[in-house]
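Step one of this worksheet: look at the structure below.
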């Protein structure tokens with residue numbers, strides 16, 4: 016079984032978002048606390064394909080799941 020090591024910049028690239036440190040920080044600051052109590056993938060700021068990717072990553076415990084969890088925490092803190 017091949018394991019992949021992904022970083023937060025890789026996740027942002029996968030989501031089609033800017034992936035520099037500044038772009039990630041700006042995204043988090045802009046969207047922080049907009050998830051409320053809903054699951055991350057249900058937040059209104061995701062496109063349909065981004066939401067589907069995030070939901071699938073968690074449901075299938077994919078390579079991306081840990082980073083998606085980290086992003087979830089970042090957006091709720």
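Numbering (our numbering), first residue to last: 16 to 92.
Built from N, CA and C at the ideal position, the CB exists for glycine as well.
These figures come from a predicted structure and were not determined experimentally.
Please confirm whether residue i and residue j have their CB atoms less than 8 Å apart.
| i | j | result |
| --- | --- | --- |
| residue 69 | residue 55 | yes |
| residue 61 | residue 21 | no |
| residue 27 | residue 36 | no |
| residue 91 | residue 63 | no |
| residue 77 | residue 85 | no |
| residue 39 | residue 24 | yes |
Going by C-alpha distance, which of the options is nearest residue i?
| i | options | result |
| --- | --- | --- |
| residue 89 | 77, 51, 66 and 31 | 51 |
| residue 67 | 29, 23, 25 and 24 | 29 |
In the structure shown, what three-state DSSP assignment does residue i receive?
| i | result |
| --- | --- |
| residue 16 | With a pLDDT of 41 at residue 16, under the threshold of 50, the modelled position of this residue cannot be trusted, and the question is left open. |
| residue 64 | helix |
| residue 166 | In the structure as shown, the chain starts at 16 and stops at 92, and residue 166 therefore has no counterpart that could be examined. |
| residue 10 | Any question about residue 10 goes unanswered here, given that the chain covers just 16 to 92. |
| residue 36 | helix |
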